[in-house]
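So the structure is just underneath, and the comments pick up after that.
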Amino acid sequence: MSADNLKKTPLNAAHRALGGKMVDFGGWDMPVQYTAGVIGEHMATRTKAGLFDVSHMGEIWVEGEDAIPFVNRLTTNDVTNLVDGQAHYSALTNQRGGVVDDLLVYRFNQDKLLLVVNAGTTDKDWEWITSHKKSENFTLTNASSDYCQIAIQGPEAVGILKTLTNTNLDEIEYYHFTTGRVDGVESIISRTGYTGEDGFEIYADAESAEQLWNKLLDAGKAVGILPCGLAARNTLRLESAMSLYGHELSDDITPFEANLGWITKLKKGDFVGSDALLEKKEKGLVRRIAGFEMTEPGIARDGYDVYIADKRVGYVTSGSPAPFLKKNIGLAFLPVEFANEGQEIKIDVRGKHLSAKVVPTPFYKRQK
Amino acid sequence: MSNIPENLRYSKDHEWVNVDGEIASIGITDYAQHSLGDVVYVDMPRVGDKFGTHEAFGSVESVKAVSEIFTPVAGEVVEVNDGLNDTPEKVNSDPYGDAWFVKIRMANALEVDAMLSGEEYEEYLSANA
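In the order they appear, the protein sequences are chains A and B. To convert, count from 1 in the first sequence and add 71; that's our numbering. To convert, count from 1 in the second sequence and add 334; that's our numbering.
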């Protein structure tokens, strides 16, 4: 098993030192889990804190006076609604209304935006974004390899991070951010995450990655923080019914189909894909992502077919045991008429048609 | 390094068998449970089911993945470890003890001789894993 050809984050050696089980994740050598295992890591994040290396994510700066109109022309959410120090979830769409990628858009000021995109799609996104630049007045910078990104998530995350920064974290609202020092390292401190828990995502220069990672682990030791791998990241986001690109989202799936109408602002004016999305909206939705849970023993996995009365009606986009809920859950593409709560469905689990039912999402919602 | 008891025989699919007369207990190895991660579900055959050599007789599922388990030896299932339904995590904590999956009455006990010894299995792991 050679990891030589894989891309590495600045924390690669730290993961190995912690006993991380390394796997090829879309060309990146990443820890799928550490010694505690996926269930332990998942539970630590729900009840205490979890630390995640997400340095493989891509960072793209858009700077200049036309930054906001440009990003607004490429993404579904309305960038003009953002204030300085605020971020939002959005999608890059193609002319057909399919999703090129889902991303976070950070507004530093009216001339400076940061786009944070998925690791596996960073090159595709960069090509897509640069190909849409006309003679507008702004610059694009792919800074992905300059940054590390570390997520600290869970009910104890705020308390742990407080011990390493003078920044008033209580003033940072959900989906807001500020710049400040963490253990002396200049960072972007963002109250965002992909777990369904309160917490922060910290961006800093790649050279400081090990320092931040080790300090955060040390600071959280007393409350039981655990380093968490990609497996726990996936089960945590699935319990929270957050989309994963390549599963609930793709170039052939519209935001509406993925229940992302709330980030699709057709009234803001034209953007790439808006005509197609408007047309699809008027015609009405044919299929959408719905949550389900198994009602008999068995685990639905990605790609398994969904049946109603012996007719294949859809497929599972993400399926897994849910460690906190202790149920077997999943997201599936279903015709809208079969996507309502309580609908009984069958999942083809390697030849056996096992019972499941459509349930509301998110499966898990934290107590505020 | 994986725990590999010397008194068992091993398959290249990472099952072990423990032979007692014509009865073979079958489970998965420490290496296999470690590769799978946290086991949350096992799917097993019924007593009386018959399997040929190297047939899938059940599956073991971790949070991350599902893996079929194969019969290293042909025969008829005479006992199933139902306890694993309630405590599948025993596959992780005690793969060679409490977490046996089935007991099979072997059709041909000589098949065991073709399986790997502990030492051979260890060599196989270091060469292939």
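We treat Cβ as the ideally placed atom computed from N, Cα and C, and that holds for glycine. Keep in mind it's a predicted model, so treat the numbers as computed, not measured.
Assigned with DSSP and collapsed to three states, Lys183 (chain A) falls in strand. Contact between the region 247 to 254 of chain A and the region 148 to 157 of chain A is established, with three or more Cβ pairs separated by less than 8 Å. Secondary structure of Glu350 (chain A) (DSSP, three-state): helix. With a threshold of 8 Å between beta carbons, Val109 (chain A) makes contact with chain B. DSSP places Asn213 (chain A) in the strand class (E or B) of the three-state scheme. Residues of the region 357 to 389 of chain A whose Cβ lies closer than 9 Å to any Cβ of chain B, in chain order: Pro368, Gly369, Ile370 and Arg372. About 4 Å separates the Cβ atoms of Gly225 (chain A) and Ala120 (chain A), confirming a contact at the 8 Å cut-off. Taking the C-beta atoms as reference points, Val394 (chain B) is found no nearer than 8 Å to Pro392 (chain A). By the neighbour-count criterion, in which 16 or more other beta carbons inside 10 Å mark a residue as buried, Leu444 (chain B) falls on the exposed side.
Here Phe248 (chain A) carries a strand assignment [DSSP, helix/strand/coil]. Chain-ordered listing is empty here: chain B has no CB closer than 9 Å to the CB of Thr234 (chain A), the nearest sitting near 31 Å. Only residues of its own chain outside the window of five on either side were considered, and among them Ala390 and Ser393 have a CB closer than 6 Å to the CB of Glu402 (chain B), listed in chain order.
Apart from the 5 residues on each side of it in sequence, Glu415 (chain A) sits with its Cβ closer than 7 Å to the Cβ of Ser426 and Lys428 in its chain, given in chain order. Cβ atoms of Val384 (chain A) and Arg372 (chain A) stay farther apart than 8 Å, at about 18 Å. For Ile200 (chain A), the enclosing alpha helix (DSSP H) covers residues Thr193 to Ser202. Ala138 (chain A) and Leu185 (chain A) have their C-alpha atoms some 10 Å from each other.
A distance below 7 Å between beta-carbons, with the five flanking residues on each side excluded, links Leu77 (chain A) to the following residues of its chain, in chain order: Asp95, Gly98, Trp99 and Asp100. Close partners of Ser311 (chain A) in chain B (Cβ separation under 7 Å) are lacking, with about 16 Å as the shortest Cβ gap. When the five nearest sequence neighbours on each side are left out, the beta carbons in the same chain lying within less than 6 Å of the beta carbon of Thr405 (chain B) are those of Phe385, Glu389 and Phe391, in order along the chain. Near chain A, meaning a CB-to-CB distance below 7 Å, the residues of the region 386 to 409 of chain B are Glu395, Val397, Lys398 and Val400. Closest by C-alpha distance to Ala358 (chain B), out of B:Tyr344, B:Ala399, B:Asn337 and B:Ser369, is B:Tyr344. Contact annotation: the region 104 to 122 of chain A touches the region 303 to 316 of chain A, with at least three C-beta pairs closer than 8 Å.
Using beta-carbon distances, Tyr365 (chain B) does not count as an interface residue toward chain A, since no partner is under 8 Å. The continuous beta strand (DSSP E) containing Ser426 (chain A) extends over residues Lys423 to Val430. Ala403 (chain A) has a beta carbon lying at 8 Å or more from every beta carbon in chain B.
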